[in-house]
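Here the structure is laid out as structure tokens; the discussion comes afterwards.
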Amino acid sequence: MALAREESSPLFAGTVAGTLRLIFYLALAMVLMVLDHRNGWIWRLRYTTSVLVEPVYRLASLPAAGMRAASVAFSDRKLLTEQNQRLREDLLLANAKLNRMAAVAEQNQRLKELLDTQHSLELNVQLARVIDVDLGASRQRMLVNVGSHDGVKKGQVVIDAHGVIGQVVEVMPRSSLVMLVTDPDHAIPVVIERTGLRTVAYGSRDGALLSLPNISMAADVHPGDKLLTSGLGGRFPPGFPVGEIRSVEPAASGMFLEGKARPTADLDRSEDVLLLHDLAEPVGPPEPVTPAGPPADLAPAPSASTAPPPSTPRAAVAPAASTGAAQP
């Protein structure tokens, strides 16, 4: 037990040996301080020791640094992901607004063209919006949002800013069905603007072109010629653009030329159309002219020299009187 107490005794015990040990350590400390102050040996020793010990510090701090880096990386990745998501949403919203603005600008341009067409031609027209378009192989129809309650009547001509679209074939209370000029059952009298040649343009099965199957072999028709409504038949007013000749080839029968024309109107892109209320000028023989001259009650009485003798019978006078009326 005594040995245990001696082994656990303090370094500087209150004995002679402890006092001498304390004096030695103090002297050594003074010497080291003087040497460090004059020559900097202790600084060099500390510098060399720090170079040797620094890798140990770095190795000991790796777990904490790794955890810190992982935490920062995770938080940064989460933040970047959220920011990226917000930026993508903002980009999609901006693109949607831009597309909407472009669509509105295009719609305004089309409405301006329709308005310019109305003012330039001074037509009595009615604006309608396209509800549905059927561009099948057997029928080419368009549904507009005006009907009998809006004053629409069957047979009205429908145009856009570029040309003739078709005519109304069915009228409902709030909507109307329009047969397009490209419908296989549709025909429109046209005239070639360059030469004045009259013919008829029919719809075709492909739904994209007009067919002109009855062109004379000697006719002067070339690709690029403009087709206008001729006004024949009294349905379509004259002078409206219908199409443009794309090709002219001999027909299968060999007796006529057959032309293909592209419609001028935007049949598959129109969103707003105009319904004409003006009818074409009547076609046919002119009405009888009212005879000119003074009224019958103011006509001069026949003179005595031209009066028939009293003895002449009335039956014999009648032919002479009628012959005189026919003379000029």
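Each residue of the sequence shown is one higher than the one before, starting from 0 at the first, in numbering that gives the first Met the number 0. Yeah, the Cβ is synthetic: ideal placement off N, Cα and C, and Gly gets one too. It should be emphasised that the depicted structure is a prediction, and the values quoted were computed from it without experimental measurement.
- In this structure, the beta-carbon distance from H221 to I244 falls below 8 Å.
- DSSP links G206 through a beta bridge to no other residue.
- Annotation for F255: the continuous beta strand (DSSP E) segment containing it runs 255 to 262.
- Excluding its 5 nearest sequence neighbours in each direction, S174 has C-beta neighbours in its own chain below 8 Å: I130, L142, V143, N144, V145, G146, listed in chain order.
- Assignment of beta-bridge partners to M178 by DSSP yields R140, Q166.
- N213 places its beta carbon 8 Å or farther from that of V190.
- Put simply, the region 149 to 163 does not touch the region 251 to 258. Fewer than three CB pairs are less than 8 Å apart.
- DSSP, read as helix, strand or coil, puts S229 in coil.
- According to the DSSP assignment, A127 belongs to the beta strand (DSSP E) that extends over 124 to 134.
- Following the DSSP letters along the chain, one finds V151 in no beta strand (DSSP E), marked with neither H nor E.
- In this structure, DSSP gives R20 a helical state, which the three-state scheme calls helix.
- S215 sits in a strand when the DSSP states are folded into three classes.
- Minimum Cα-Cα distance from P249 among the listed residues G223, L211, D75, P240 corresponds to L211.
- Taken in chain order, no unbroken stretch of beta strand (DSSP E) lies wholly in the region 11 to 98 with a span of 3 residues or more.
- With contact defined as three or more Cβ pairs closer than 8 Å, the region 159 to 173 and the region 257 to 269 are in contact.
- By DSSP's assignment, V199 forms a beta bridge with P188.
- The C-beta separation of Q139 from G202 comes to about 6 Å, placing the pair in contact by the 8 Å criterion.
- Within the model, the alpha-carbon separation for K96 versus L90 is close to 10 Å.
- Residue R45 holds the alpha-carbon nearest to the alpha-carbon of L31 among T18, R45, L19.
- If you look at P249, you'll find it in the beta strand (DSSP E) that goes 240 to 249.
- Take the alpha-carbon of L79 and the one of E88: they are about 14 Å apart.
- In this structure, the CA atom of M100 is about 21 Å from the CA atom of L86.
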